[in-house]
Amino acid sequence: MSVLIVVAGALFGVRVNTTPSLPPGLYVASELGERPVARGDLVAACPDTAAVQRLGRYWTNGRCPGGAARPDGVRPLAKPVAGVPGDTVRVDRAGVWVGGRLLPASAPLFRDRAGRPVQPALGVHVLKSGEYWLHSGRVPTSIDSRYTGPVRSVLERLRPIWTEAR
């Protein structure tokens with residue numbers, strides 16, 4: 216079965232998600248094309264090198280540059296887009312505010328499941344051209360822009376083709 220998934224991924228852009236940040240299942244990837252990335256799009260994006268270095272223990276091998284912390288590369292984040300260029304994003308203890316609206320289930324954690332300290336990207340972020348804010352409200356421990364800050368390297372759009380029911 217895993218060989219079939221690898222072949223399908225290479226030929227048809229199929230991606231497998233096993234993390235709880237999105238519904239586990241199969242997704243098809245497509246190029247960004249002419250349409251700009253929009254709020255609500257599901258994307259795969261690379262965190263910047265500083266975020267990888269700061270959060271190195273949370274990454275697995277993948278196709279994003281890993282910087283000094285992971286020269287072998289890190290796995291892209293697959294998340295919904297919550298903020299687009301021009302948006303003002305504020306992160307505080309209560310959660311993430313985009314355009315003055317609090318995102319559901321967005322309160323950052325200051326310790327991970329193992330009790331180790333985590334540094335959220337607290338403060339105000341005005342998203343510049345090419346910057347996006349990713350947020351998964353499915354699980355409180357999701358590594359998203361609450362911890363990485365804005366992402367600049369969006370690789371592809373994702374569309375679910377089969378996901379597990381909750």
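Count along the sequence shown starting at 1, add 215, and that's the number in the numbering used here. Note that the Cβ used here is the ideal one computed from N, Cα and C, for glycine as well. Since we're looking at a predicted model, the values are computed, not measured.
In whole angstroms, what separates the C-alpha of residue i from that of residue j?
i      : j      : result
Gly315 : Gly255 : 17 Å
Ala253 : Tyr273 : 27 Å
Ala229 : Ile376 : Looking at the sequence shown, residue 229 is not Ala but Val. In a straight line, the C-alpha of Val229 is about 9 Å away from that of Ile376.
Pro335 : Pro262 : 14 Å
Are there 16 or more other CB atoms within 10 angstroms of the CB of residue i, so buried, or fewer, so exposed?
i      : result
Arg361 : buried
Val306 : buried
Glu246 : exposed
Asn232 : buried
Glu346 : buried
Ala265 : exposed
Pro323 : buried
If I measure Cβ to Cβ from residue i and keep anything under 6 Å in the same chain, skipping five residues before and after, which residues do I get?
i      : result
Asp327 : Val333
Thr303 : Val341
For residue i, I'd like the list of residues in its chain whose CB is within less than 8 Å of its CB, leaving aside the five on either flank, ordered along the chain.
i      : result
Gly352 : Leu318, Pro319, Ala320 and Ser321
Taking the alpha-carbon of residue i as reference, which of the options has the nearest alpha-carbon?
i      : options                   : result
Ser236 : Leu292, Ala309 and Ala266 : Leu292
Whole beta strand (DSSP E) elements within the stretch 292 to 339, 3-residue minimum:
Runs of the beta strand (DSSP E) spanning 3 or more residues and lying entirely within the stretch 292 to 339 occur at 292 to 298, 303 to 307 and 310 to 313, in chain order.
Which runs of the beta strand (DSSP E), 3 residues or longer, sit entirely within the stretch 226 to 273?
Whole beta strand (DSSP E) segments, 3+ residues: 229 to 232, 240 to 245 and 257 to 261.
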